[in-house]
Amino acid sequence: ARSRTSGENFVDLFMAPFSQELEPPQNPGRFNVIEDALDEKAGLETRLRLDTIQTAAVISLLLENWFEPPAVHGAHYSTLVQQLLSSIAQYGGLQAAQAFRLLCAPPGPFERVSKEAFAELLRTLGQAEILTQDHSGLLLHGRIGDKIVNHNSFYAAFSSDEEFRIVSSGKALGTLPVSQMLTPRQRILFGGRTWLIEAIDEEYKTIHVAPARGGAPPLFNGGGGRVHTRVRQRMRDIYAAQDALPFLDPTAQRFLEEGREAFAALVLADQLLLDQGSHAILLTWLGDAANEAIACLLMFRGVQAFTGRLGVEILRAGRSLEEVRDLLCDIGSEPATTPDELLAKANNLARQKWDGLLSPHLLRQSYASSNLDTDEAMAWLQATFVPQS
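Under my numbering, the residue at position 386 of the sequence shown is numbered 369, and the numbers go up by one with no gaps.
Laid out in structure tokens, this is it:
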């Protein structure tokens, strides 16, 4: 194992092989992690050595033969559009009832899609000239749908994260792949600087920003995949423990010790709300789906909140921490809010290839089913903040 410093800001970390408990043993694995150097300007994530701890949590779970379960419970309307267009091409046309039985009736691949939602999808695709019907009611490709199906790009059912241009004072700074919901007044990290989102132009895929002043470093930097609750809970366990992890090399072990020292110094094991001045971090130790649901529940009540790697970042707007706790208690005490209500004012929800063809209602349903875990969020809020009778 080896480490090096790039300039004065970054440490490139190489973790030792951990093949002794993985099959096949002749193929050792190695993880590369980049950590910022510790100095007086180091932010909370750097002090906690979050990248190292998260990687260690993933490795320890892999060694226990735990793998993150696939996200199979989403509505996946974009993929349904792809399959619907493909099936119409395959059969030379389909009746609406035939298409529903083929794709959505149990045990079909889209059995979570109701007849009402399927009918709404057909109406939306018809209005956009993706589909049309002949005099017998047979579904056929419409004027635009025919062009789509006959283009070579149609065969790829999925697309990568959309790239948004980052613009400040009319000057383009570059592009950023976006895989989660962004909102105005949220802070993002780009080009080594912190920026405040002023506006989001969904049509032109542009995020207008201004330099952010003060405050903690942002929790969103545009990179990385979504994290499961099990990983975050293992991270908390690793922070709270004292034993060494046998699969870490000496440099990684030092980072582990530094992260644990910061965790203990900040008394994070006993804190729910971490005071960061203008905002507070709600330390949930939940996965991204639950954290994003909590952020949406707060925003639905007019509170600016964003998801992050440590939990949920809440703009206090003059509220005391006790007032924030009371608000979270109120949310946990009320009936769950529907996805349509939670995401009514949300931007940049389109994630999959054909999301742009969906109605606003179906787009919100699709995003919520794949990205929000309202049940887990509400259960955590109730257990954590609502007094038990």
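C-beta: ideal position from N, C-alpha, C; glycine also. Everything numeric in this text was worked out from a predicted model, so none of it was measured.
| query | result |
| --- | --- |
| Identity of the residue in H118, P90, S119 and A82 nearest A102 by Cα | A82 |
| heavy atom of the ligand ZN below 6 Å from Q335 C-beta | Although the ligand ZN was asked about, the structure shown includes no ligands whatsoever. |
| Pairwise C-alpha distance: Q371 and I190 | 44 Å |
| Residue environment, Y60, which counts as buried when at least 16 other CB atoms sit within 10 Å | buried |
| Identified DSSP bridge partners for I183 | I190 |
| Local conformation of F246 per DSSP, three classes | helix |
| G57 versus S152: straight-line alpha-carbon distance, rounded | 39 Å |
| Rounded C-alpha distance that separates P89 from A333 | 27 Å |
| Contact set for N274: own chain, Cβ-Cβ below 7 Å, skip 5 residues either direction | T267, T290, G294 and V295 |
| Q371 in three-state terms, based on DSSP | coil |
| Cβ neighbour criterion (16 or more within 10 Å) applied to I17 | exposed |
| Assumed close pair Q287, L298 - CB separation to whole angstroms, cut-off 8 Å | 4 Å |
| The segment 321 to 332 / the segment 23 to 42 touching (three or more Cβ pairs under 8 Å) | no |
| CB contact flag (P167, E146, <7 Å) | no |
| The alpha helix (DSSP H) enclosing H344, as first and last residue numbers | P343 to N354 |
| The segment 177 to 185 contacting the segment 220 to 232, beta-carbon criterion three pairs below 8 Å | no |
| Whole-Å CB distance - T320 paired with F283, under 8 Å assumed | 6 Å |
| Host alpha helix (DSSP H) of T38 (start-end) | L33 to L46 |
| Rounded C-alpha distance that separates P92 from L346 | 19 Å |
| Cβ pair A40, R217 closer than 7 Å | yes |
| Length of the line joining the Cα atoms of P229 and V96 | 47 Å |
| Inter-residue spacing [alpha-carbon to alpha-carbon] between L165 and R176 | 17 Å |
| Proximal residues to R170 (C-beta, below 6 Å), its chain only, five neighbours per side dropped | T177, L179, A195 and P201 |
| Endpoints, the alpha helix (DSSP H) within which Q65 is located | Y60 to Y74 |
| Unbroken beta strand (DSSP E) run spanning D258, endpoints | L256 to D258 |
| For L340 and A111, the rounded distance between their alpha carbons | 8 Å |
| Other residues of its chain near Y350: CB distance less than 6 Å, five sequence neighbours each side excluded | L332 |
| CA-to-CA distance, A263 to L255, given in whole angstroms | 10 Å |
| Endpoints, alpha helix (DSSP H) assigned at E103 | K98 to Q110 |
| Boundaries (first-last residue) of the alpha helix (DSSP H) holding F283 | D271 to F283 |
| Selected residue, minimal CA-CA separation from R292, among L21, G301, A272 and F137 | A272 |
| P53 versus D338: straight-line alpha-carbon distance, rounded | 20 Å |
| Alpha-carbon spacing of R215 relative to V64, whole angstroms | 34 Å |
| K154 to F173 span [Cα, whole Å] | 14 Å |
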